[in-house]
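Trainee:
Residue numbers (full-length UniProt numbering): 1 to 153.
Here it is, written out as structure tokens:
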């Protein structure tokens with residue numbers, strides 16, 4: 001039986017589970033720390049209600065964008081797909097063909113012709129929405145925001 005497109009993608013460009021776990025831990029720590037610092041800043045600025053949450057979301061977008069730019073720079077244009085598996089457990093965008101007679105695999109990666117960039121489907125979502133942005137990090141933001149806001153009043 002011929003391997004699936006996902007299996008071929010992982011054979012050609014494998015992901016090491018320990019490295020993916022480390023990358024997710026780093027991302028989670030980054031989001032938790034920055035959200036707590038954003039909470040402290042919102043408390044110092046005495047932001048209330050909608051303005052405080054807007055400050056959190058804008059700060060989170062800024063930090064995620066900067067982190068994504070660092071990933072693009074470090075991977076020479078490959079982006080988050082070089083470090084995170086994405087939504088389809090590592091499936092690479094492109095065309096994978098397997099010749100049944102010779103058992104050879106041909107893979108044309110997505111993007112420019114002749115490009116060797118790894119574009120994993122949905123890997124950008126891991127950077128922008130992963131790391132507890134809407135759960136753990138949000139609770140750290142509220143804790144810092146309410147704590148500093150309460151002390152200063």
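Note that the Cβ used here is the ideal one computed from N, Cα and C, for glycine as well.
Out of curiosity, what's the CA-to-CA distance linking residue 85 and residue 33?
Mentor: Roughly 23 Å separates the two Cα atoms.
Trainee: Quick check on DSSP: helix, strand or coil for residue 25?
Mentor: helix
Trainee: Per the contact definition of three or more C-beta pairs closer than 8 Å, is the segment 19 to 33 in contact with the segment 122 to 134?
Mentor: yes
Trainee: Around the C-beta of residue 63, are 16 or more other C-beta atoms found within 10 angstroms, so that it is buried, or is it exposed?
Mentor: buried
Trainee: Give the straight-line distance between the Cα atoms of residue 151 and residue 67, rounded to the nearest whole angstrom.
Mentor: 32 Å
Trainee: When DSSP labels each residue in this structure, what does residue 85 get in the three-state scheme?
Mentor: coil
Trainee: Counting along the chain, where does the alpha helix (DSSP H) carrying residue 125 start and finish?
Mentor: 123 to 129
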